[in-house]
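Q: Residue numbers (the UniProt record's numbering), protein chains in the order written: chain A, 1 to 421; chain B, 1 to 421; chain C, 1 to 421; chain D, 1 to 421.
Given below as structure tokens:
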């Protein structure tokens, strides 16, 4: 989109701006001012903060930088709602985001309207770089939609009243299909963004990698399979674990996926956005860390796929399909079904890969503040692929690289097994 | 009040129940749901929690235990709003009180009304022990009124927007009167509660102590005097400090009272319930820890008084006078004025004493859960005397023993100097 | 000793200098260089450090300050072996004392000889203030003799090989005598140092206190009694504990006195300077914290004595009697025996009192660096009385105030019960 | 070596056993018992522990498992000297290795002799698997030789006396040659162990990787270049750093490589095994973390090489050349010299690569306890290549993968710059 966009492109962009902004607002709909203010951990953020930060992004990089005469809604708020852009100056400490009862949820929603109005007013006159930043801002906001859901889940999980933020959605099939696998011949493949449509900088440059023959499970690991791991002593035997993973299990007294409770007699319950419910054995396991995923795979005589294997395998899958986020609701992973060779590649759960999040060969961060987007996080994290039930439909793609630290598990993260052939 | 109360006493109790409950509600008036939900530190509590806990106290010890057929407003809330009574079973961890966006402020206010109605309905039939507990509950609630104000101050101090929760109140005199002192002959004196009117268990039994001759400053130490301490290097010279105090200064990088900022050129500002304002040199210094108060006294060639000295000296002062809490407002300590031999003995700032909080000779904790009230805290804390600008008028008395850890300073705590003669 | 000492006094001082220094050396006799280097915790110090620090004390305050032409053994060592005297400049961090393999034990012993020789050479010419400091240095060194033993115990307790630093000493009586008690009328008593002979500054000034009638157990609490406390669930019931004590029990998973192990079926073993042995029910319990002592007393329907009660009761006891340190050996508390009205008041175990360590009325710290000796520690600690099996005979006296934090228990600290009458 | 070894191979193995064991002993020669006992941090170990652990390795995996009738030197020592092999049962906590003054250095040296004698006695009868384990044990012991040196450096760096463990060695050239670079065409290359001679499991399987054209600096970055980075504000500007690296710099107040001091006016000194000396600008920088190396490279407009690039480039270099460990001495990195296309590829400093330590495609951990050797550490660490001045000559090879966490820097770790072409 380096040159002037066509009218059709502009109309599409504007439509997406409307719909993305509306979905964010809808996610906030059931929240009280207090709900939207809490921060469950330094890793997560208050809903109010997500609402404001995504607006600050447009206000700063589109309106302030590209719209003459724009005056910020409140000059003091840049300090509050900058996330991690050192180039944008001092900011409120991340771990203190949950101490801001003011501005209120209502004021933040007004801020959103103010920014939206200003963007729409300026829309037809925005220069090409501003349109690129607008596009970036929409993908950025979609990321925060997913984070809003997972951070709200973490927040309400702290409340002993077992609150259901949205009603429970209808159940899926009773049982998971047995796990099959698909074989891949390996060889030289290309991964990374093709250059059509939007991608984040970390997905580039597209490049060749050599793969050995491998097989990939045709669906994600289920809760039922995870319960077998627990019952086989998976959390008690160091031999399944990396040294760091085992240290984490002991120090944090980990015995099950996050949000699970109970378990004597295997009758686990889990807390979700729909409140407390029995663990469904047919659903994909979610809220497991890389340490756990890696240990499970070793226990199962398998391994995690590399991100290149995953991307090569996903070439034939449609990223618009699957259980992804379409509207504000109590999303949850659903049992695999259908006849596809590979099921659940997109949606349901982010799939941990064995690949550390590193720059692709030839990677260059963008110039300027926006260049802080991904590059500076390329250490100590692992890549996840495929999107989850909380990922807005249309946001994920085969080359998409999500990343988290190996102990983190408040996202909808699960796994799919791989093996050498 | 061990026997049946007279009608007059009953009417007075009922009036006080009305007025105490109303003041608590008024303190909450400017708060949004989010304001009332935040917890600034594990030492402090959300306003909503104070509102609920003080109601839980009446619900549990008066209604549940003494009113046949009373059904709790919500059975799950005892877990949430018990403070520290081990005898009342499991409770929500103190450090997690700030993670409860539900129940909402509105629901908590409904709870208050429900409890008030039930108490008033049962009032004429309450047995004598229940009336004693009602009396205890009112004093308990007054303590929480002060904590609400100081915890709100701590909460809003985290917000960089410098919010004024209430408007600034009219200023006091321009300058502090010079510090004089009153002399006391010592000898055998009696301290502790006399047995007329209400007192907490820790104020008993009344007993004799031997005092040596001493003198006591006729007013509290001011901000202006504290600035001189800072400018004389008070926070840089270990010789003024106890070993633990010095370790605290170094570890926490303490350079001024809590809520102070600035200070190059001595132009300090301080954050208060009325927002950000220049430090007034004439006002008593507040928000200093015992470590700081002790070091200041040593620097000044003086010492802190013992609690017995303070109480003996206060015998001639009226606990109903002074700058205390009468209504919800941006309270702050005010400059001393007047002709009294001892000024500011009640109100303005709690005064640190040199006395560790220990049981009086012959002290016995009450039987049952209510016996956990004070006794179990009699270690590692120091006694403060006299009440502050945030103490509800009528709550303090000469024998009143407040107590905090020597590093704590989010209360309105200051000091008055003493010397041996 | 403010004026010139008599020849007799000088001879006595010199003899004591010889014998105190010899005992320190003897305690170090079984130690390897490595044994003497280790530091088991930041609270404790390596034996080598004790050996050097006690010599640095004489070198600095006697030789450097009062002997013309004295040159320090090694100028760099003042930095290493100053303990906590801020007036003496920068010093090696306390928590890093265990990282000094050099100077070696041999070099430190040479340093001791060097200092001793210089002191003895200058002895007859020392001015009166230097003799006072020499006297102070001897009492200081006796304190470190006890610390050497308890720090060595803590060090070797970290070694799983169960090493006996000295051979086991012959056993005491088979059973403890049943606990009786002595009654005291109270009234006005005097406590504090009388002014004859040496005392630390914190024992002064002597002053009057008012006591109520009380009774005091005629011996210390035994291991057998402590096992009954454990078996009665003493460590499981919060009602016995102060709030801080209970928090400590939970956080540190405390289940028995320090150095005890085992305990299913009550067959406890304990590690001592004589290696691993079964717990002897007749011996006084040692290595319990103030939190534990206070909880035990409450469980037993009693309380800890105040330090004034203890001192008043000890008036008739001989501080030179009892199980105290006479020579380097595997000291341990021994069962009470004999016909005395009060047994074990001196020796066996330091007895926790209910008194926080605070300045006596009128207390003034000495001028100069030596004035840091005790005053700056008068916060957050509790007073213990009477000396232990590791206290050098002649060091303790009725007015002696030892002090430790309420969670500390690596000293030989136990308790004696008191009750109001 | 799966089949019976030839006599020539046996003789060579025996000679190497003699010489490797002798070098370890020589490294310990200047140590006192106390020197050998200290542990400077949980990451490092006491010299005594290294001496014992390397002997325990032979005792356990060779003598116990393959020599009939062998009785362990002391049955209690397996608990003390197992490092991290969960398969070998419980072990002394790593962080407590520095609390073992017993067994003494002398006893440990006796243990070494005992094990050596038993190995040599059994040598001619050892079955092939035992010879493989013996070979493994020698490489294992060489790793610990390097760790002994770096752990001793860390230990003595804690001692303010600035002790030189060995005399300073003669200086190198006065100035570093200017940095040039070598170009590589990329394409498909093979990396990993070829299968001739010994390698650790993590170097296998050999496999193909695709490389893009790149250039590699012809020598390591020097101290002089690092000082320019410091003076350019390298430690003050977040733009050079990964987010985690910047957090580490701020939290730990990092301002220079480890063991450097001073620096106002650029006159840095550094502590080494030869004591305190001025930083030599011509020597390679050592003791920098991955975070620092990565930031430096970004500042220099370059990047770290991948491990595959490094290994491909090293194909033409002789791993037996360079500044490596030949005898116990105050090793230090030396200025580059000579005409080679790539200098310092082996020896001087381990070179951080941009590659996380991950399993090679098709990697399988060995069966049994020895399989814990490397596989369980394949998370959160980065690969370093090439060996250092403290690596025993003959230990390194082109395929060798060393690994440390990105914040660790007590090894001799430096960097070499790379760039895309």
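Ideal Cβ positions, reconstructed from N, Cα and C, are used throughout, including at glycine.
#1: Decide if the stretch 408-416 of chain A is in contact with the stretch 286-300 of chain A; the criterion is three or more beta carbon pairs, one per stretch, under 8 Å apart.
#2: Between which two residues does the alpha helix (DSSP H) containing residue 183 (chain B) stretch?
#3: Would you verify that the beta carbon of residue 2 (chain B) is, or is not, closer than 8 Å to some beta carbon of chain C?
#4: Would you please verify whether the beta carbon of residue 346 (chain B) is less than 8 Å from any beta carbon of chain C?
#5: What span of residues does the alpha helix (DSSP H) with residue 79 (chain B) cover, start to end?
#6: Name the two residues that bound the continuous beta strand (DSSP E) containing residue 208 (chain B).
#7: Going by DSSP, what residue range makes up the beta strand (DSSP E) through residue 155 (chain A)?
#8: DSSP on residue 425 (chain B), reduced to helix/strand/coil?
#9: Just to confirm my understanding: we take residue 101 (chain C), look at its own chain, exclude 5 residues before and 5 after, and list those with CB closer than 7 Å. What are they?
#10: Keeping to the same chain, check which residues put their C-beta closer than 7 Å to that of residue 91 (chain D); ignore five residues upstream and five downstream.
#11: Can you pull the DSSP bridge partners for residue 215 (chain B)?
#12: So, is the C-beta of residue 112 (chain B) closer than 8 Å to a C-beta in chain A?
#13: Checking 8 Å against the spacing of the C-beta atoms, do residue 201 (chain C) and residue 373 (chain C) come in under that value?
#14: I need the straight-line Cα distance from residue 321 (chain C) to residue 414 (chain C), nearest angstrom please.
#15: Between which two residues does the alpha helix (DSSP H) carrying residue 109 (chain C) extend?
#16: Would residue 63 (chain C) pass as a contact of residue 115 (chain C) if the rule is Cβ separation under 8 Å?
#17: Could you work out which residues of chain C lie near residue 100 (chain D), taking near to mean beta carbons separated by less than 7 Å?
#18: Look at the alpha carbon of residue 380 (chain A) and the alpha carbon of residue 119 (chain A), and state the distance between them as a whole number of angstroms.
#19: Residue 163 (chain D) bridges to which residues according to DSSP?
#20: Pull up the distance between the alpha-carbon of residue 279 (chain A) and that of residue 270 (chain A), whole angstroms please.
#21: Going by beta carbon distance, what residues of the same chain come within less than 6 Å of residue 328 (chain D), once the five residues before and after it are set aside?
#22: Nearest CA to the CA of residue 324 (chain C): which residue from C:395, C:135, C:241, C:192?
#23: If you measure from the CB of residue 124 (chain D), is any heavy atom of the ligand MG nearer than 7 Å?
#24: Is the shortest distance between the beta-carbon of residue 34 (chain D) and the beta-carbons of chain C less than 8 Å?
#25: For the pair the stretch 307-322 of chain A and the stretch 338-354 of chain A, tell me if three or more CB-CB distances fall below 8 Å.
#26: Could you check the C-alpha separation between residue 370 (chain A) and residue 135 (chain A) for me, to the nearest Å?
#27: Can you tell me the Cα-Cα spacing of residue 353 (chain A) and residue 39 (chain B), whole angstroms?
#28: By alpha-carbon positions, which one of D:342, D:294, D:13 ends up nearest to residue 310 (chain D)?
#29: Along chain A, which residues have their Cβ under 8 Å away from the Cβ of residue 239 (chain D)?
#30: Starting from residue 353 (chain D), follow its DSSP beta bridges and name the residues at the other end.
#31: From residue 362 (chain A) to residue 386 (chain D), what does the alpha carbon distance come to, in whole angstroms?
#32: Among the residues of its own chain, which have a CB less than 6 Å from the CB of residue 175 (chain B), if the five just before and after it don't count?
#33: Going along the chain, which residues of the stretch 358-379 of chain D sit with their C-beta nearer than 7 Å to a C-beta in chain A?
#34: Between residue 186 (chain D) and the rest of its own chain, which residues show a CB-CB distance below 7 Å, the 5 nearest in sequence each way excluded?
#35: Decide if residue 169 (chain A) is buried, meaning its Cβ has at least 16 other Cβ atoms within 10 Å, or exposed.
#36: Give a yes or no on contact between the stretch 247-256 of chain A and the stretch 227-238 of chain A, applying the rule of three or more CB pairs nearer than 8 Å.
A: This is what the structure holds:
#1: Result yes; three or more Cβ-Cβ pairs closer than 8 Å.
#2: From DSSP, residue 183 (chain B) is part of no alpha helix (DSSP H) but of the beta strand (DSSP E) over 181-184.
#3: The predicted model places residue 2 (chain B) with a pLDDT of 44, which falls under 50 and marks its position as unreliable, so this point remains unresolved.
#4: So no, residue 346 (chain B) is outside the interface.
#5: According to the DSSP assignment, residue 79 (chain B) belongs to the alpha helix (DSSP H) that extends over 77-81.
#6: Note, residue 208 (chain B): beta strand (DSSP E), 207-211.
#7: Annotation for residue 155 (chain A): no beta strand (DSSP E) segment contains it, though the alpha helix (DSSP H) segment containing it runs 128-157.
#8: Outside the shown range of chain B (1 to 421) lies residue 425 (chain B), about which nothing can therefore be said.
#9: The residues are 37.
#10: Closer than 7 Å at the Cβ level, and outside the excluded window around residue 91 (chain D), lie 79, 82.
#11: According to DSSP, which records beta bridges pairwise, residue 215 (chain B) is partnered with B:183, B:419.
#12: By this cut-off, residue 112 (chain B) is not an interface position.
#13: For residue 201 (chain C) and residue 373 (chain C), yes; Cβs fall inside 8 Å.
#14: Our two residues, residue 321 (chain C) and residue 414 (chain C), have alpha carbons roughly 18 Å apart in a direct line.
#15: Run containing residue 109 (chain C): 105-122, per the alpha helix (DSSP H) assignment.
#16: Between residue 63 (chain C) and residue 115 (chain C), the CB-CB gap stays under 8 Å.
#17: Those within 7 Å of residue 100 (chain D) in chain C are 159.
#18: The alpha-carbon atoms of residue 380 (chain A) and residue 119 (chain A) are separated by roughly 37 Å.
#19: For residue 163 (chain D), DSSP records no beta bridge to any residue.
#20: When rounded, the distance between both Cα atoms is 6 Å.
#21: Short of 6 Å from the beta carbon of residue 328 (chain D), and not among the five residues preceding or following it, lie these beta carbons of its own chain, in chain order: 26, 27.
#22: Out of C:395, C:135, C:241, C:192, C:395 has the C-alpha closest to the C-alpha of residue 324 (chain C).
#23: The model depicted lacks the ligand MG and carries no ligand whatsoever.
#24: For residue 34 (chain D), the closest Cβ of chain C is nearer than 8 Å.
#25: With a cut-off of 8 Å, the stretch 338-354 of chain A and the stretch 307-322 of chain A count as touching, because enough Cβ pairs lie within range.
#26: Roughly 13 Å separates the two Cα atoms.
#27: If you take the alpha carbons of residue 353 (chain A) and residue 39 (chain B), they lie about 39 Å apart.
#28: Selected option, being the one with the closest Cα: D:342.
#29: Those within 8 Å of residue 239 (chain D) in chain A are 86, 87.
#30: Beta-bridge annotation (DSSP): residue 353 (chain D) is not paired with any residue.
#31: One C-alpha to the other measures close to 24 Å.
#32: So the qualifying residues of the chain are 282.
#33: Here the close residues are 358, 361, 362, 376, 377, 378, 379.
#34: The answer, listed in chain order, is 211, 212, 213, 214.
#35: With fewer than 16 other Cβ atoms within 10 Å, it is exposed.
#36: Counting Cβ pairs under 8 Å, three or more are found: they touch.
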